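In our numbering, the protein residues as written are 3 to 114.
Backbone N, C-alpha and C define an ideal beta-carbon position, used for all residues, glycine too.
Just so you know, these numbers come straight off a predicted model, no measurement behind them.
Here's the structure, in structure tokens; my notes come after.
Shown next as structure tokens:
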């Protein structure tokens with residue numbers, strides 16, 4: 003893309019619409035732009051522990067849809083409001099995950 007747009011425009015595109023999101027833990031999550039109005043990532047829920055603000059693209063204007071995964075990389079839930087997930091349905095998800103994956107840490111307040 004850099005050869006077509008030039009370095010300045012190419013770096014601006016990379017900044018506004020990055021190829022991946024780097025959670026605090028784990029490997030980068032590729033951002034899927036198949037539906038450009040709802041860019042989506044799939045990431046293990048434990049890799050988002052400590053994230054209080056919902057990740058966005060386009061300078062914070064477009065929130066990412068997050069497919070939250072279990073330690074076995076199975077879908078748990080989809081959210082476009084991570085703080086709402088932590089304060090809402092996380093309690094039920096936490097109980098389920100603690101039962102299925104007892105060797106993992108499942109904090110009561112994961113965004114702290």
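Inter-residue Cα distance where the pair is residue i and residue j
i	j	result
residue 92	residue 38	28 Å
residue 30	residue 56	16 Å
residue 68	residue 108	19 Å
residue 86	residue 21	25 Å
residue 75	residue 18	28 Å
residue 114	residue 50	11 Å
residue 41	residue 79	16 Å
residue 66	residue 33	8 Å
residue 63	residue 99	32 Å
residue 84	residue 102	22 Å
residue 25	residue 53	8 Å
residue 105	residue 44	22 Å
residue 36	residue 82	16 Å
Sequence-distant residues of its chain with Cβ nearer than 6 Å to residue i (five each side left out)
i	result
residue 90	none
residue 27	49
residue 96	108
residue 72	78
Bridge-paired residues (DSSP) for residue i
i	result
residue 44	69
Residues of its chain near residue i, where Cβ-Cβ distance is below 8 Å and the 5 sequence neighbours each way are ignored
i	result
residue 60	18, 19
Original post:
Fully enclosed by the region 62-113, which alpha helix (DSSP H) runs are 4 residues long or longer?
Top reply: List check, alpha helix (DSSP H) in window: 84-89, 92-102.
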